[in-house]
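S.K.: Residue numbers (the numbering used here): 14 to 373.
1. Sorted by chain position, which residues of the same chain lie with C-beta nearer than 8 Å to residue 76's C-beta, five sequence neighbours on each side aside?
2. So if DSSP puts residue 372 in a beta bridge, which residue, or which two residues, is it bridged to?
3. From the DSSP output, in three-state form, read off residue 15 for me.
4. Taking the alpha-carbon positions, what's the residue 296 to residue 327 distance?
5. Between the Cα of residue 128 and the Cα atoms of 145, 105 and 292, which residue gives the shortest distance?
6. How long is the line joining the alpha carbons of residue 372 and residue 19, rounded to whole angstroms?
7. Cutting at 7 Å between CB atoms, please list the residues of its own chain near residue 345, excluding the five before and the five after it.
8. Just grab the DSSP bridge partners of residue 215 for me.
9. Excluding the 5 residues preceding and the 5 following residue 80 in the sequence, name in chain order all residues of the same chain whose CB lies nearer than 7 Å to its CB.
10. With distances taken from CA atoms, which of 258, 125, 364 and 281 is nearest residue 306?
11. So, for residue 268: in the same chain, excluding its five sequence neighbours on each side, which residues have a beta-carbon less than 7 Å away from its beta-carbon?
12. Identify every residue that forms a DSSP beta bridge with residue 78.
13. Residue 204 and residue 40 - do their beta-carbons sit closer together than 8 Å?
14. Starting from residue 271, trace the beta strand (DSSP E) in both directions and tell me its first and last residue.
15. Which term fits residue 228, buried or exposed, when burial requires 16 or more other beta carbons within 10 angstroms of its beta carbon?
16. Just confirm the distance between the C-beta atoms of residue 225 and residue 34, as a whole number of angstroms; I'd bet it's less than 8 Å.
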């Protein structure tokens, strides 16, 4: 396990991370949330007021015990946003610059091997200015893995690349991580990038950890209002807890009763924010054979349709609801088949397993 516990005043940090070994974990947050500072603290480039950093039982920093391992002694590789390549050295020499602990005769051989791992062995003698952005990124990655690190830190390494290059390098990074088995921590503000690459996800805001856990699980079930906003859940509603019974609870949303199968740590009458994914709001056709199994079925008027490529985001004004707009995501074909248009009345289902109560 990679364990990181940090406290600092400027930049403000107060968090405890536990990241699995041999996997790619992503730290996601808006600009200024402290993502890069966390990586720098892991790398030994930032001394925080309180720090404890350990990897697989090996402690690199523990301010309470007076332990601080210098950055050059930590077995890690680091790739920053600008790659930090030496302009006066060619690609191979840039990689070899990380291998000064080896005899001169073997540095070039090792550098070529690392460039081969990232697929650009044939570009070893090119200068950085003669390389594309994607190729420079590969050189930086080759240099980062040259010393066979136990930990690889990536600080938004794809942010300056075009979309097609970025997608191609995403695939290569997954292959590289799988083949090396190295623990990787990726910092990004791009939620889609984190979702594609990581097995473990951490949500960061103002230097605080909002939530962490397996990526797929976390993307589907935010724990708090802040997490839901960061995960771009379009539906954020306010209700009151009407019935509390373990995994069978009823929320009163306006005049409607909405069921949820998620336990709620509150007493009846308490205010409870809740959310539901737009893709989990289902259109219910008239005469459905088993409506009782669909959860709460509400009537709404279509307020707006926004085309988003292969889907359409439908805004609904729910009759007798809490006043918030409810958003539903449909395929263009479903919009046409069911004549979903502004002003039309529709019925939608909110299944208890899809309704997620949140912490304020």
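Where a beta carbon is used, it is the ideal one built from N, C-alpha and C, also for glycine. Small disclaimer: the values here were computed from a predicted structure and weren't measured.
M.R.: According to the structure data:
1. Excluding residues within five positions, the ones whose Cβ falls inside 8 Å are 61, 62, 63, 64 and 65.
2. 237, per the DSSP bridge assignment.
3. The answer is strand: DSSP assigns residue 15 an E or B state.
4. Taking the straight line from one Cα to the other gives about 11 Å.
5. Of all alpha-carbon atoms in 145, 105 and 292, the one lying nearest the alpha-carbon of residue 128 is that of 105.
6. Whole-angstrom Cα-Cα distance: 24 Å.
7. If you ignore the 5 residues before and after residue 345, its C-beta comes within less than 7 Å of the C-beta of 325, all in its own chain and listed in chain order.
8. Note: residue 215 sits in a beta bridge opposite 40 and 225.
9. Excluding the 5 residues flanking it on each side, residue 80 has same chain C-beta neighbours closer than 7 Å at 72 and 74, in chain order.
10. A check of alpha carbon separations from residue 306 across 258, 125, 364 and 281 identifies 364 as the nearest.
11. Once the five neighbours on either side are set aside, the close Cβ partners of residue 268 are 333.
12. Paired residues: none, contrary to the question.
13. Contact: no.
14. Looking at the DSSP string, the run of the beta strand (DSSP E) that includes residue 271 is 269-273.
15. Classification of residue 228: buried, given that the 10 Å Cβ count is 16 or more.
16. For residue 225 against residue 34, the beta-carbon gap comes to about 15 Å, at or over 8 Å, which does not count as contact.
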